[in-house]
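**Q**
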Amino acid sequence: MQRRNIPQSNPLIRPTPPPSSSTASLSSIPQSNNNALPVASVVRNNCGTQPFDKNWLNVDCCGLVCAVMTYFLHGFGCYVVCFVLIPSWMKYEREDGVQKLTFWGIFHSIGFCLVAAMAIISHLKAMCTDPGAVPPDAEPIPNDLDTKKKRLCRRCNSFKPDRAHHCSICKRCIIKMDHHCPWVNNCVGIGNHKYFLLFILYTFFSCAYSMFLVVLRFGHCMNIRTSAHCLDNPASLLSIIALTVESVLFGLFTLCMMADQWDVVLTNVTHIDRLKGDIFEESADSAGVNEVFGIGVGGGKGKRWANFRTDWLSPFTKVCFPVSVEDDIMGFCRPCGFSTRNEEEEDDPVVSSDGSPRTITGNEEIV
Ligand SMILES: [Zn+2]
Ligand SMILES: [Zn+2]
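For the sequence shown, the working numbering assigns the number 170 to the initial residue and increments by one for each residue that follows.
1. Can you tell which of I338, I310 and P305 has its C-alpha closest to the C-alpha of C322?
2. Between H335 and ligand 1, is there a pair consisting of the residue's CB and a ligand heavy atom that are separated by less than 6 Å?
3. Could you have a look at A377 and say whether DSSP puts it in helix, strand or coil?
4. Measure from the C-beta of V303 to each C-beta in chain D and report whether the shortest distance is under 7 Å.
5. Which first and last residues belong to the alpha helix (DSSP H) in which E262 is found?
6. Counting Cβ pairs, one atom from each stretch, are 3 or more of them under 8 Å apart for the stretch 260-278 and the stretch 326-345?
7. Roughly how far, in whole angstroms, is the beta-carbon of Y364 from the beta-carbon of K318, given that I think they are within contact range, below 8 Å?
8. Tell me whether D399 sits in a helix, a strand or coil according to DSSP, three-state version.
9. For A333, which residues does DSSP report across the bridge?
10. Quick check: does the Cβ of C342 come within less than 6 Å of any heavy atom belonging to ligand 1?
11. For ligand 1, any of its heavy atoms closer than 6 Å to the Cβ of R332?
12. Please report the distance separating the alpha-carbon of V488 from that of P403.
13. Could you tell me whether any non-hydrogen atom of ligand 1 is closer than 6 Å to the CB of R324?
14. Using only CA atoms, which one of F490, C399, F477 and W481 lies nearest to M259?
15. Is it a yes or a no for the stretch 281-301 touching the stretch 425-444, going by three-plus beta-carbon pairs under 8 Å?
16. In the DSSP assignment, the alpha helix (DSSP H) including P321 goes from what residue to what residue?
17. Comparing alpha-carbon positions, which option in M346, F252 and G500 lies nearest M433?
18. Can you say whether S493 is buried or exposed, counting buried as having 16 or more other CB atoms within 10 angstroms of its CB?
19. What are the boundary residues of the beta strand (DSSP E) that V357 is part of?
20. Quick check on DSSP: helix, strand or coil for N326?
21. In the DSSP assignment, find the alpha helix (DSSP H) that holds A288 and state where it starts and stops.
22. At what residues does the beta strand (DSSP E) containing S493 begin and finish?
23. Does the separation of the CB atoms of F221 and V208 fall below 7 Å?
24. Contact defined as beta carbons within less than 8 Å: I believe L367 pairs with S291. What is the distance between those atoms, to the nearest angstrom?
25. Which residue marks the beginning of the alpha helix (DSSP H) containing A307, and which one marks its end?
26. According to DSSP, simplified to helix, strand and coil, what is G147?
27. Do Y240 and I279 have their C-beta atoms within less than 7 Å of each other?
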């Protein structure tokens, strides 16, 4: 935990009152003279979901346990495939008596571990990426203020764009929030929807791959000529049965999730929007796809699948939008234009979001 002293220059934030028990993390330092700026200090955790925390991570026991279980299950799958299923099957004996994996044994071992690794990396990215939290200095897009009132979230005390919903676990308003997923220990929103989709896609591939190998192995054992290489160790058999159960359960689960998410991406209507009946006007036929996977260089709006890029399948490629459309997609603009996350520059002006008194003007409403 790190405490920073920072000049309070944003007009949204009034000078803070003396610290009380409810605003222990925020204090104001009295001005020594009339020319000095009021200074506020905020708590910056290494991991958290608050605006000034260095890295996005929900410190939620249930979510963290689910994440560890996910890694364990993928690790278990790799162990059974690489050390139980394949070595007893795809092997040959050298002249000196040493047993070696065949080419296909090595191929399937590496292939399966790569798919599992992509699933784990996608999970890590989905868990540790800001899902689209509204920053404390967010302001309505000027054109919008002409037609509607500025909405304020009563719980995080910040501007709430049209497509934002408040998550009580993340304690932030999230743009285009689909749901809070305990499996990835994070909200699924505009910032990490792609990583979430990749996680369920690679998990499905991993389950399908292991089922393919188990079925192939079963067929191999049924063959009288090759059944001599079948398992005779009960512990190995139990491991393979456990892998089969795991693959069937999670394979079906991820298949259902993919079908469900397919609808969300193509219609550009999230689960929460659907529950609340909030249907927003689509800007283009391909809006959902573009907002999930990003808009590449040269735009490409209006075409849906013609713009498919291989980097959609990479959890290492960040989703980004051209500057010209970013504010429209996010639903807010940032008058100060500074970032509060993953930046170490001490000169950055930052403002506090909690405990600061806000004045509600006639053009604002609390939701
Ligand atoms: Zn909120
Ligand atoms: Zn959440």
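Note that CB positions come from ideal geometry on N, CA and C, so glycine has one too.
Note that the structure is predicted; figures quoted are calculated from it, not measured.
**A** In terms of the structure at hand:
1. Taking the first residue of the sequence shown as position 1, residue 322 is located at position 153. For the residues I338, I310 and P305, the minimum Cα distance to C322 belongs to P305.
2. For the purposes of this step, residue 335 is taken as residue 166 along the sequence shown, with counting starting at 1. In terms of side-chain proximity, the C-beta atom of H335 is found nearer than 6 Å to a non-hydrogen atom of ligand 1.
3. What you label residue 377 is simply residue 208 of the sequence shown in a count that begins at 1. In the structure shown, A377 sits in a helix (DSSP, three-state: H, G or I).
4. The structure shown has no chain D; it contains just one protein chain.
5. Within the sequence shown, numbered from 1, the residue matching residue 262 stands at position 93. Here E262 belongs to no alpha helix (DSSP H); instead the beta strand (DSSP E) covers K260 to E262.
6. Segments in contact, no.
7. Locating residue 364 in the sequence shown gives position 195, counting from the first residue. Locating residue 318 in the sequence shown gives position 149, counting from the first residue. About 34 Å separates the two Cβ atoms, so there is no contact after all.
8. Numbered from 1 along the sequence shown, position 230 holds the residue referred to as residue 399. Before going further, note that residue 399 is Cys rather than Asp in the sequence given. In this structure, DSSP gives C399 a state outside helix and strand, which the three-state scheme calls coil.
9. One-based indexing of the sequence shown puts residue 333 at position 164. Answer is I344, bridged to A333.
10. Against the sequence shown, residue 342 aligns to sequence position 173. At least one heavy atom of ligand 1 is nearer than 6 Å to the Cβ of C342, so yes.
11. If you number the sequence shown from 1, residue 332 lands on position 163. No; taking the cut-off as 6 Å, the Cβ of R332 has no heavy atom of ligand 1 nearer than that.
12. In the sequence shown, counting from the first residue as 1, residue 488 sits at position 319. In the sequence shown, counting from the first residue as 1, residue 403 sits at position 234. Each residue's Cα considered, the two are about 47 Å apart.
13. Residue 324 sits at position 155 when you count from the first residue of the sequence shown. Correct: R324 has its Cβ closer than 6 Å to ligand 1.
14. By 1-based counting over the sequence shown, the position of residue 259 is 90. Of the listed residues, the one whose Cα sits closest to M259 is C399.
15. no
16. Counted from its first residue, the sequence shown places residue 321 at position 152. For clarity, residue 321 is Leu in the given sequence; the question names Pro instead. No alpha helix (DSSP H) contains L321, which is instead part of the beta strand (DSSP E) from K319 to L321.
17. The residue you call residue 433 lines up with position 264 of the sequence shown. Note that residue 433 corresponds to Val in the displayed sequence, not to Met. Checked all of M346, F252 and G500; the closest Cα to V433 is M346.
18. Residue 493 sits at position 324 when you count from the first residue of the sequence shown. So S493 ends up on the exposed side.
19. Here residue 357 refers to the residue found at position 188 when the sequence shown is read from its first residue. Counting along the chain, the beta strand (DSSP E) containing V357 begins and ends at N355 to V357.
20. For the purposes of this step, residue 326 is taken as residue 157 along the sequence shown, with counting starting at 1. Coil, per DSSP.
21. Looking up residue 288 in the sequence shown gives position 119. Counting along the chain, the alpha helix (DSSP H) containing A288 begins and ends at F272 to C297.
22. Working through the sequence shown from its first residue, we reach residue 493 at position 324. Taken as a continuous stretch (DSSP letters only), S493 belongs to no beta strand (DSSP E), being part of the alpha helix (DSSP H) at V492 to M499.
23. Translated into the one-based positions of the sequence shown, residue 221 becomes position 52. Translated into the one-based positions of the sequence shown, residue 208 becomes position 39. Result no, Cβ atoms of F221 and V208 do not sit closer than 7 Å.
24. Here residue 367 is taken as the residue at index 198 of the sequence shown, counted from 1. Here residue 291 is taken as the residue at index 122 of the sequence shown, counted from 1. At roughly 4 Å, the Cβ-Cβ gap stays under 8 Å, so L367 and S291 are in contact.
25. If you number the sequence shown from 1, residue 307 lands on position 138. In the DSSP assignment, A307 falls outside any alpha helix (DSSP H) and carries neither an H nor an E.
26. Examination of residue 147 is not possible in this model, given that the chain is present from 170 through 536 alone.
27. Position 71 of the sequence shown, counted from the start, is the residue given in the question as residue 240. Position 110 of the sequence shown, counted from the start, is the residue given in the question as residue 279. No, the pair does not count as a contact, with Cβ atoms beyond the cut-off.
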